[in-house]
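First comes the structure, then the notes that go with it.
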Amino acid sequence: EPEVTQTPSHQVTQMGQEVILRCVPISNHLYFYWYRQILGQKVEFLVSFYNNEISEKSEIFDDQFSVERPDGSNFTLKIRSTKLEDSAMYFCASSDFRGTGVRETQYFGPGTRLLVL
Amino acid sequence: GDSVTQMEGPVTLSEEAFLTINCTYTATGYPSLFWYVQYPGEGLQLLLKATKADDKGSNKGFEATYRKETTSFHLEKGSVQVSDSAVYFCALKFWETSGSRLTFGEGTQLTVNP
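Protein chains in written order, with this note's numbering: chain A, 1 to 117; chain B, 118 to 231.
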């Protein structure tokens with residue numbers, strides 16, 4: 001069964017450094033998402049992406065964050081200058097339909113655990 | 118704003134016990150409702166969903182019914198197994214207002230002992 005993959009599984013970085021988290025969505029999917037989960041807190045939506053544009057972003061997704069689909073398969077999340085509070089598990093997801101009905105399911109990757117020191 | 122509240126966790130049960138994990142939501146409108154499960158070391162997997170009032174979602178022995186009158190979507194299973202040990206997330210989603218984002222509850226850790 002096709003699945004969303006993410007790399008790396010774990011990343012440790014120093015505060016102020018840039019990090020890029022990578023995701024390979026399911027190949028025929030058109031919509032891509034990033035979520036994050038700070039330890040002990042809820043899974044929170046960051047951004048959705050469709051047709052090479054951001055469709056929606058949350059208040060968390062400020063100028064320090066950016067997303068890109070650099071080629072036909074990868075979807076990346078960049079954090080420009082990491083802060084301690086960016087430490088979290090970051091989940092990528094993809095779906096092939098936006099709306100109600102059986103095709104609205106978002107499929108999630110296993111996550112990247114980011115630790116900012 | 119829209120929100121999802123799950124029962125306080127963690128939950129520990131013996132094998133073959135009955136499971137209920139409560140989920141209620143606050144939303145302006147009629148969202149679709151989901152249960153996702155996260156097994157250790159894995160990503161979030163869709164367990165079941167319901168897209169309108171009175172719909173019942175079911176999968177792998179789990180069930181949840183969309184109750185508009187009580188704004189609830191409680192997860193139930195008649196007889197849990199050790200392999201059901203995981204974190205369970207309730208979530209909602211609109212397509213006509215909030216776009217494609219999922220709004221999650223806090224997650225409930227379930228441990229099933231042999």
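We put the CB at the ideal spot given by N, CA and C, even for glycine. Since we're looking at a predicted model, the values are computed, not measured.
What first and last residue would you give for the beta strand (DSSP E) that runs through Lys-57 (chain A)? 53-57
At least one CB of chain A closer than 8 Å to the CB of Tyr-183 (chain B): is that the case? no
Within a Cβ cutoff of 7 Å, which residues of the same chain sit near Met-15 (chain A), ignoring the five residues on either side of it in sequence? Thr-82, Lys-83, Leu-84, Val-116, Leu-117
Does any residue of chain B bring its CB to less than 8 Å from the CB of Thr-105 (chain A)? yes
What residue ranges within the stretch 156-209 of chain B form continuous beta strand (DSSP E) runs of no fewer than 3 residues, ordered along the chain? 161-167, 173-176, 179-182, 192-194
CA-to-CA distance, Gly-109 (chain A) to Ala-93 (chain A), given in whole angstroms: 6 Å
Distance cutoff 8 Å, beta carbons only. Does Gly-178 (chain B) sit that close to anything in chain A? no
Return the Cβ separation of Thr-43 (chain A) and Ile-54 (chain A) in integer angstroms, given the expectation that the two are a contact with Cβ distance under 8 Å. The sequence shown places Val at residue 43 (chain A), rather than the Thr named in the question. In fact, because the Cβ distance is near 19 Å, the residues do not count as touching under 8 Å.
Cβ of Phe-190 (chain B) less than 8 Å from any chain A Cβ? no
At 7 Å on the CB atoms, spell out the chain B contacts of Tyr-109 (chain A), in chain order. Here the sequence assigns Gly to residue 109 (chain A), which means Tyr is not the residue at that position. Those are Gly-160, listed as they occur along chain B.
Can you tell me whether Pro-148 (chain B) is buried or exposed, with buried defined as 16 or more other CB within 10 angstroms of its CB? buried
Return helix, strand or coil for Leu-39 (chain A), following the three-state DSSP convention. coil
Beta strand (DSSP E) containing Tyr-142 (chain B): first to last residue? 140-143
Ordered along the chain, which non-local residues of its own chain (more than five positions away) have a Cβ less than 6 Å from that of Gln-123 (chain B)? Cys-140, Cys-207, Gly-222, Glu-223, Thr-225
Give the range of the beta strand (DSSP E) segment to which Ser-81 (chain A) is assigned. Run containing Ser-81 (chain A): none; DSSP gives neither H nor E here.
Glu-44 (chain A) bridges to which residues according to DSSP? A:Arg-36
How long is the line joining the alpha carbons of Ser-120 (chain B) and Ile-26 (chain A), rounded to whole angstroms? 28 Å
N- and C-terminal bounds of the beta strand (DSSP E) containing His-29 (chain A): Where His-29 (chain A) is concerned, there is no enclosing beta strand (DSSP E), given that its DSSP letter is neither H nor E.
According to DSSP, what are the bridge partners of Met-15 (chain A)? BP columns for Met-15 (chain A) are empty, so no partner.
Close beta carbons around Ser-217 (chain B), own chain, < 8 Å, minus the five adjacent residues each side: Lys-210
Chain-ordered neighbours of Glu-125 (chain B) on chain A, where CB pairs are closer than 7 Å: The premise fails here: Glu-125 (chain B) is roughly 13 Å from chain A at the closest Cβ pair, so nothing lies under 7 Å.
Chain-order list of residues whose beta-carbon lies under 6 Å from that of Lys-57 (chain A) (same chain, five-residue window excluded): Val-47
Could you tell me if Val-199 (chain B) is buried or exposed, where buried requires 16 or more neighbouring beta carbons within 10 angstroms of its beta carbon? exposed
Would a C-beta distance cut-off of 8 Å place Glu-133 (chain B) and Ser-196 (chain B) closer than the cut-off? yes
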